Amino acid sequence: MVKKKIKPEVKNRKLIAFTNPRSRVSEQFRTLRTNIHFTVPGGKVRSLVVTSASHSEGKSTTSSNLAIVFAQEGKRVLLIDADMRKPTMHQTFKISNSKGLSNVLVRRVSLKMAIQDSGIENLDLLPSGPIPPNPAELLSSSNMDLLFENALDTYDMLIFDTPPVLSVTDSVILANKCEGTILVLNSGKTERAHALKAKDAITASKKTRLLGTVLNNVQVDKDFDYAQYYIRPRSEK
């Protein structure tokens with residue numbers, strides 16, 4: 001088996017689970033992975049939404065590193081930038097965004113043509129593609145259901161980086177299609193009222209399963225180079 005070459009440009013601080021797998025933060029992402037296994041019946045989750053209450057709370061960093069640790073576990077993972085309003089994944093991984101999810105959903109290109117190699121073993125990327133005028137309609141379309149079907153024929157796990165849940169309905173639409181949702185909160189920014197509203201928005205539908213929350217930017221020991229990440233299972237008070 002030929003090993004994939006690691007792209008030098010992938011080595012950046014945001015992808016700490018890849019650039020520094022022995023760090024304490026990387027271990028927290030592995031703990032998050034383990035907790036997700038325990039919150040899903042049978043321990044097998046194949047589709048996951050990562051969202052936040054508001055902008056700049058760390059959801060994209062969380063989804064990227066979570067995808068990496070699942071790939072490191074040996075799963076074939078497809079990380080999808082479903083934030084077709086303010087996409088960032090192409091910047092994080094230094095890839096082209098000329099075609100991606102939006103193109104696939106309007107059937108301009110095939111899923112296979114839109115997927116890109118991350119440079120990390122077992123991890124592929126589907127960027128958002130050009131920003132469309134109707135993201136919510138595209139995500140709720142039958143073409144999205146077809147994408148799920150085709151992607152799950154190839155990959156063990158799909159992880160969707162989605163817009164903040166309080167801003168638009170995109171996250172909830174995808175949450176209704178996925179097996180679980182992770183809500184990312186910023187300990188130094190997220191207001192309690194917004195966190196509760198985000199939780200209520202996700203759990204309003206019986207089709208949605210909120211697996212837990214990730215709290216980042218926690219005040220920790222001064223020797224830590226990065227913020228720690230924690231998951232709090234939904235069953236806890």
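The sequence shown begins at 1 in the UniProt record's numbering and counts up by one. Glycine included, C-beta positions come from ideal geometry on N, C-alpha and C. Note that the coordinates shown come from a computational prediction; the quantities given were computed from them, not determined experimentally.
Through-space distance from residue j to residue i, alpha-carbon basis
{"i": "Tyr-229", "j": "Asn-186", "result": "Bear in mind that the predicted position of Tyr-229 carries a pLDDT of just 46, short of 50, making it too unreliable to give a figure here."}
{"i": "Phe-70", "j": "Ser-56", "result": "23 Å"}
{"i": "Gly-74", "j": "Asn-122", "result": "7 Å"}
{"i": "Thr-213", "j": "Asn-103", "result": "31 Å"}
{"i": "residue 291", "j": "Glu-137", "result": "The displayed coordinates of the chain run from 1 to 237. Any statement about residue 291 would go beyond what the structure contains."}
{"i": "Lys-86", "j": "Ile-80", "result": "13 Å"}
{"i": "Tyr-226", "j": "Val-106", "result": "Confidence in Tyr-226 is poor, its pLDDT being 42 and thus under 50, which makes the residue's placement too unreliable to answer from."}
{"i": "Gly-188", "j": "Asn-143", "result": "39 Å"}
{"i": "Ser-26", "j": "Leu-15", "result": "9 Å"}
{"i": "Lys-4", "j": "Thr-61", "result": "Because Lys-4 carries a pLDDT of 49, less than 50, the predicted location of this residue cannot be relied on, and the following value inherits that uncertainty. Distance between the alpha carbons of Lys-4 and Thr-61 is about 23 Å."}
{"i": "Thr-203", "j": "Leu-78", "result": "25 Å"}
{"i": "Leu-183", "j": "Ser-118", "result": "24 Å"}
{"i": "Ser-205", "j": "Ile-115", "result": "30 Å"}
{"i": "Asp-161", "j": "Ser-23", "result": "23 Å"}
{"i": "Asn-150", "j": "Leu-158", "result": "11 Å"}
{"i": "Asn-217", "j": "Lys-44", "result": "29 Å"}
{"i": "Pro-163", "j": "Arg-192", "result": "19 Å"}
{"i": "Gly-129", "j": "Ser-98", "result": "6 Å"}
{"i": "Leu-126", "j": "Ser-141", "result": "18 Å"}
{"i": "Asp-156", "j": "Asp-145", "result": "17 Å"}
{"i": "Ala-82", "j": "Gln-28", "result": "24 Å"}
{"i": "Thr-154", "j": "Leu-166", "result": "32 Å"}
{"i": "Asp-124", "j": "Arg-76", "result": "8 Å"}
{"i": "Pro-133", "j": "Thr-88", "result": "18 Å"}
{"i": "residue 257", "j": "Ser-96", "result": "Any property of residue 257 remains undetermined from this structure, which presents the chain solely from 1 to 237."}
Beta-carbon spacing of residue i, residue j below 8 Å
{"i": "Lys-120", "j": "Ile-68", "result": "With the sequence shown as reference, residue 120 is identified as Ile, and Lys is not the correct amino acid for it. Their beta carbons are under 8 Å apart, which means Ile-120 touches Ile-68 by this criterion."}
{"i": "Met-84", "j": "Leu-101", "result": "yes"}
{"i": "Arg-209", "j": "Thr-181", "result": "yes"}
{"i": "Leu-211", "j": "Thr-34", "result": "no"}
{"i": "Glu-179", "j": "Ser-47", "result": "yes"}
{"i": "Leu-152", "j": "Leu-174", "result": "no"}
Limits of the alpha helix (DSSP H) - the one that residue i falls within
{"i": "Val-25", "result": "24-39"}
{"i": "Leu-196", "result": "192-203"}
{"i": "Asp-170", "result": "170-175"}
{"i": "Leu-105", "result": "101-105"}
{"i": "Ser-64", "result": "59-72"}
{"i": "Ile-16", "result": "16-19"}
{"i": "His-55", "result": "Note, His-55: premise wrong, no alpha helix (DSSP H); not H, not E."}
{"i": "residue 255", "result": "Outside the modelled stretch of the chain, which goes from 1 to 237, sits residue 255, for which no answer is possible."}
{"i": "Met-88", "result": "Before going on, a small fix: residue 88 reads as Thr here, not Met. Segment: none, Thr-88 is in no alpha helix (DSSP H) and carries neither H nor E."}
Where the beta strand (DSSP E) containing residue i begins and where it ends
{"i": "Asp-145", "result": "Taken as a continuous stretch (DSSP letters only), Asp-145 belongs to no beta strand (DSSP E), being part of the alpha helix (DSSP H) at 142-154."}
{"i": "Val-50", "result": "47-52"}
{"i": "Thr-181", "result": "180-186"}
{"i": "Leu-126", "result": "123-126"}
Test: residue i CB closer than 8 Å to a CB of chain D
{"i": "Ser-63", "result": "The displayed structure is made up of one protein chain only, and chain D is not part of it."}
DSSP beta-bridge partners of residue i
{"i": "Asp-83", "result": "Per DSSP, none; premise fails for Asp-83."}
{"i": "Met-157", "result": "Val-77"}
{"i": "Gln-116", "result": "Leu-125"}
### Query
Does the count of Cβ pairs from the stretch 50-64 and the stretch 196-203 closer than 8 Å reach three?
Touching, yes.
### Validate contact between the stretch 89-100 and the stretch 166-173 using beta carbons, cut 8 Å, 3 pairs
Counting Cβ pairs under 8 Å, fewer than three are found: no touch.
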